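Asks: If you read the sequences in order, they're chains L and F. Sequential numbering of the first sequence, starting at 1063, is according to this note's numbering. Sequential numbering of the second sequence, starting at 8, is according to this note's numbering.
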Amino acid sequence: MENKENRNLYAVGALFDSPNKLVAFAKKLVNEGYRFWDVHSSYPLHGLPKIMRLKWSPLGYVALVLGLTGTLTGLFLTYWTMSVDYRLTIGGKPWFSFPAFVPVLFELTVLLASVGTAIVMLFIIFKLPNNRHPLHDSEYLKKVSVDKCGIIVESHDAKFDYQTIRSLFGEYGASEVVDIYYNEEEIAYKPRVFEPKFIVFLVVIAILTSAFGYLFNNKVLYLPPFDFMLKQFKVNPQSESMFFADGFGMRTPVAGTVARGQRDYPFKGKPDEAGEKLVNPLLSTNDVLELGKRKYNTFCSPCHGWRGEGDSRLNGQFPNPPSLHSEKVRNWSDGRIYHVIMEGQNIMPSYASQLTEKERWAIILYIRALQRSLNAKQEDVK
Amino acid sequence: MTGLSADNFVSYSYRELPKKNFNFGLLFTLVGLIGIVLGYALEPERTSFNLIIVFTWLTSIGIGSIFFIGIEYLTGAVWSVPFRRIAEINSAFVLVAPIIAIPVIFNIHSIYHWSHPEALIHDEILKNKSAYLNQTFFVIRFIVTFLLWFLFYFLIIRNSSKQDTSKDQRSTRRNTIISAIFMPIFAVTLTLFSIDWLMSLEPHWYSTIFGVYYFSGTILASIALFTFISIALNESGFLVEGLNREHYYSMGALLFAFTNFWAYIAFSQFMLIWYANLPEETFWFINRGVGSWLYWSIGIIFVKFIVPYIFLLPQPAKMDPKRLKFASLWILFAHYYDLYWIVMPTYSKTGVVFSWIELSAIVFSIGLLVVCSYFFSKGRNLVPIGDPKLKRGIEFHL
């Protein structure tokens, strides 16, 4: 206990057993013209704000605005993700299907309204992190947050008189009357947001949650009985199998299998024949050149350069390929270039698995356009 | 328990209700009855469909009121004690409602498709359901359900009325126990009732949430009528002194809460069927989008949810007697609108129909509501003057 000299009287408080007596006393205080007093109760007493002549709380409007913000955020989120940015066909429904979005809107409305209102209340109305108040940690507050309700009359009220107030409390049936003191120093203390204690607390919480998350996701879930989803009767990629004689789980396709959308290439190892017999099926239209440019930039340009000049972006990690603008390549037929894409040449590997047939031909048309840009003929100028 | 001192009871003197409203109700009932009898003679099928609406609407109010009283006893509610007798009078509608069902049962073949033996021959689904959906079992369920409801009605009402003179605290405890037994029985019987009378209109369709859907309308309609009569009687001074806006607030809050509850349940039913997109479930909603039914279906979102929701959202609206009376009448109308939406598309598949038959059904229900309220309140105290919680209930404030 501190000594009493240091302490100033903040208020006189009274505890009541029933809200009825409290309301009667509150009416009395209003009639007498007291201005600095307050009521504390462990549950809401709806009629009191009117009796105390308080202004209507703006918190309801805060909740309304935040709730509507939640609704609109939810609408934008679902609309943008499901109807614009990442369209997925689900059950044949239209991309903008409002009934499916309603649960999201509802949840976001409730979330923003409740959490937002609580945050506004704590940090704007209650002025957290400031937790210094004369009532803080007092016996009075401990009791009103359990089973009593109470009124305090503050000592700086113009009408405040210690003896009158105490006798008034007795008259109105207060079960207990207490004096509430405060310490000047304690009240004047300005809390900082980044108290060392608080930082340590945050660090401890961070360590605990990540440790728990790590243990749970990487250890606990692999223990029985939580691992039932892992143990399934199926072959995982790259895994061993007792079923086949060679012990491999993964099988090679049956001889002669052709993947969907792929065609057998009949000119394996015969570049000249390919050059003679293969004909580009595409016309050099805008769409085709766009496709060719996109695919060329993705798969060819790292080595051949953006314009096919052989200026590799790989900074000498591989030998630079020769220019695509050479006399030799310009005179090659489309089929001969197609053969290089299919089979590779020198250090260049096959790109057959990365590109579809149409994309290969589109790239060739784009290379032709590149060649023409550096070696234009006379009639191109006209 | 210690004995009660005399100041637990309040002064109340019985006053006869004015005759004016009763005559007006009687006129409505007679006009409506003539319309229904005529309709039954000319178009028995259509009239029977309308009688199902009237029947389920009145049953809603009656059984919902018993449920409401039971919840009050079980939770030990204080604020509603001064008004409990009004809910008790409203719950008497369960006694009247089955009379309306009798002409429907006599006309069962033109309403319920599953009651045709020849329909079962080629219909595998109906054949499999026939163990439950057959005429004999239907009538047995009807009788058993209502006998159970009568039983609980009489038990609860008798205890409560006896308490007026005996002032015996044990009556409250007895009613609490009866209410506890009533709750599970209520859940099962109300679900079966809604399946029998409403869902089996389309015997191929099923929705597992349908019982809850009907319950949400039931509790809304019963609280709405309770609110309206309580406020009207209190304003003209037929109840005790000291009942004010703080009591009304709870009624407004309940109306608001159950409006939301209805929307939640109705949307749950719709969304699951819409999402799963199974033909045996979706046709029920597709039927309600044919022709002018589409506008009726869209209207239900506004009539039963958006209008009362926005109307009751501000706190002052939940306390203002004028606005509350309007909201409760609106919700009673909305429940009728909802039942019309459930029942009538089976009769008229192409669009909404409205003629003198529908009108006389509505006039009849309104008249019956007024006449029965008068009849069952005659000679009874409108306040449970023997209830030990009455004084606390009157002094209740938020």
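Ideal Cβ positions, reconstructed from N, Cα and C, are used throughout, including at glycine. No experiment lies behind these values; they were computed from the predicted model shown.
(1) Thinking C-beta only, is L1283 of chain L closer than 7 Å to G1370 of chain L?
(2) Measure from the alpha carbon of T225 of chain F to the alpha carbon of each residue in F:P25, F:G46, F:K311, F:L320, then state which is nearest.
(3) Whether or not the segment 388-401 of chain F and the segment 41-48 of chain F are in contact is what I'm after, with contact meaning three or more pairs of Cβ atoms, one per stretch, closer than 8 Å; do they touch?
(4) Can you tell me whether P89 of chain F is buried or exposed, with buried defined as 16 or more other CB within 10 angstroms of its CB?
(5) Going by other Cβ atoms of all chains shown within 10 Å of its Cβ, with 16 needed for buried, is M1144 of chain L buried or exposed?
(6) So, do the segment 355-366 of chain F and the segment 230-240 of chain F have three or more beta carbon pairs nearer to each other than 8 Å?
(7) Take S18 of chain F and list the residues in its own chain whose beta-carbon comes closer than 6 Å to its own, dropping the five residues that flank it on each side.
(8) May I ask you to list, following chain order, the residues of the segment 278-311 of chain F that have a beta carbon less than 9 Å from some beta carbon of chain L?
(9) Does the CB of H254 of chain F have a neighbour CB from chain L at under 7 Å?
(10) Assuming G1075 of chain L contacts I1214 of chain L under a Cβ cut-off of 8 Å, what Cβ separation, rounded to an integer in Å, is found between them?
(11) Which chain L residues sit within Cβ distance under 8 Å of E402 of chain F?
(12) Going along chain F, which residues have a C-beta under 9 Å from P1161 of chain L?
(13) Is the segment 382-391 of chain F touching the segment 161-171 of chain F, taking contact as three or more C-beta pairs under 8 Å?
(14) Can you say whether N1070 of chain L is buried or exposed, counting buried as having 16 or more other CB atoms within 10 angstroms of its CB?
(15) With 7 Å as the limit, tell me which residues of the segment 141-159 of chain F have their beta carbon closer than that to any beta carbon of chain L; keep them in chain order.
(16) Can you tell me whether DSSP reads R1398 of chain L as helix, strand or coil?
(17) Taking the alpha-carbon positions, what's the Q1407 of chain L to Q1440 of chain L distance?
(18) Mind pulling the chain F residues with CB within less than 9 Å of G1153 of chain L?
(19) Please go through the same chain and pick out, in chain order, the residues whose beta-carbon is closer than 8 Å to the beta-carbon of F1158 of chain L, but skip the five residues on each side of it.
(20) For a contact defined as C-beta to C-beta under 9 Å, what are the partners of L1107 of chain L on chain F?
(21) W337 of chain F to L262 of chain F, Cα distance in whole Å?
(22) Below 8 Å CB to CB, which residues in the same chain sit around P1286 of chain L once its five sequence neighbours on both sides are set aside?
(23) Apart from the five residues just before and just after F31 of chain F, which ones in its own chain have a Cβ nearer than 8 Å to its Cβ?
(24) Would the beta-carbon of R1361 of chain L fall within 7 Å of that of Y1413 of chain L?
(25) Look at Y255 of chain F and L405 of chain F and say whether their C-beta atoms are less than 7 Å apart.
(26) Considering only residues of the same chain and omitting the five flanking positions on each side of E52 of chain F, which have a CB-CB separation below 8 Å?
(27) Using a Cβ-Cβ cut-off of less than 9 Å, list which residues of the segment 1120-1141 of chain L approach chain F; keep chain order.
(28) Quick one, which residues of the segment 1075-1105 of chain L are near chain F if we go by CB-CB under 9 Å, in chain order?
(29) Under the three-state reduction of DSSP, which class applies to L1071 of chain L: helix, strand or coil?
(30) From the DSSP secondary-structure annotation, give me the bridge partner or partners of M1410 of chain L.
(31) Where DSSP assigns a beta bridge to N1245 of chain L, which residues make up the other side?
Replies: To lay it out plainly:
(1) Numbered from its first residue, the first sequence carries residue 1370 of chain L at position 308. Numbered from its first residue, the first sequence carries residue 1283 of chain L at position 221. No, these two residues do not count as a Cβ contact at 7 Å.
(2) As a first step, residue 225 of chain F must be located in the second sequence, where it is residue number 218. Looking at the Cα atoms, F:K311 is the closest of the given residues.
(3) no
(4) Mapped onto the second sequence, residue 89 of chain F falls at position 82. Burial call: buried.
(5) Indexing the first sequence from 1 puts residue 1144 of chain L at position 82. Per the 10 Å Cβ criterion, buried.
(6) no
(7) By one-based count along the second sequence, residue 18 of chain F stands at place 11. Within the same chain, S18 of chain F has no close Cβ partners at all.
(8) M278, W281, Y282, A283, N284
(9) Taking the second sequence and counting its residues from 1, the one referred to as residue 254 of chain F is at position 247. Chain L contact via Cβ: absent.
(10) For this step, residue 1075 of chain L is matched to residue 13 along the first sequence. For this step, residue 1214 of chain L is matched to residue 152 along the first sequence. Contact flag correct, Cβ pair sits at about 4 Å.
(11) As a first step, residue 402 of chain F is located in the second sequence; it is residue number 395 there, counting from the start. Ordered by position in chain L, the residues that pass the 8 Å Cβ test against E402 of chain F are N1082.
(12) By one-based count along the first sequence, residue 1161 of chain L stands at place 99. Here the neighbours are F274, F277, M278, W281, Y282.
(13) yes
(14) For the purposes of this step, residue 1070 of chain L is taken as the residue at position 8 of the first sequence. Burial call: exposed.
(15) none
(16) Locating residue 1398 of chain L in the first sequence gives position 336, where the first residue counts as 1. Helix.
(17) Taking the first residue of the first sequence as position 1, residue 1407 of chain L is located at position 345. Taking the first residue of the first sequence as position 1, residue 1440 of chain L is located at position 378. About 33 Å.
(18) The count along the first sequence starts at 1 and reaches residue 1153 of chain L at position 91. Simply Y282, A283, N284.
(19) Numbered from its first residue, the first sequence carries residue 1158 of chain L at position 96. Excluding positions up to five away in sequence, the list reads Y1141, M1144, S1145.
(20) Locating residue 1107 of chain L in the first sequence gives position 45, where the first residue counts as 1. Within 9 Å Cβ-Cβ: H404, L405.
(21) Locating residue 337 of chain F in the second sequence gives position 330, counting from the first residue. Locating residue 262 of chain F in the second sequence gives position 255, counting from the first residue. Distance between the alpha carbons of W337 of chain F and L262 of chain F: 11 Å.
(22) The residue given as residue 1286 of chain L occupies position 224 in the first sequence. Excluding residues within five positions, none has a Cβ falling inside 8 Å.
(23) In the second sequence, the residue the question calls residue 31 of chain F occupies position 24. Once the five neighbours on either side are set aside, the close Cβ partners of F31 of chain F are V377.
(24) As a working note, residue 1361 of chain L is residue 299 in the first sequence. As a working note, residue 1413 of chain L is residue 351 in the first sequence. Inspection of the sequence shows that residue 1361 of chain L is occupied by Phe rather than by Arg. Cβ atoms of F1361 of chain L and Y1413 of chain L: closer than 7 Å.
(25) As a working mapping, residue 255 of chain F is identified with position 248 in the second sequence. As a working mapping, residue 405 of chain F is identified with position 398 in the second sequence. No, these two residues do not count as a Cβ contact at 7 Å.
(26) Taking the second sequence and counting its residues from 1, the one referred to as residue 52 of chain F is at position 45. Answer for E52 of chain F: N114, S117, I118, Y354, listed in chain order.
(27) G1122, L1126
(28) P1081, N1082, V1085
(29) In the first sequence, the residue the question calls residue 1071 of chain L occupies position 9. If DSSP states are grouped into helix, strand and coil, L1071 of chain L belongs with the strands.
(30) Sequence index remark: in the first sequence, residue 1410 of chain L carries index 348 (1-based). According to DSSP, which records beta bridges pairwise, M1410 of chain L is partnered with L:Q1407.
(31) The count along the first sequence starts at 1 and reaches residue 1245 of chain L at position 183. DSSP, once it has assigned bridges, lists L:R1069 as partnering N1245 of chain L.
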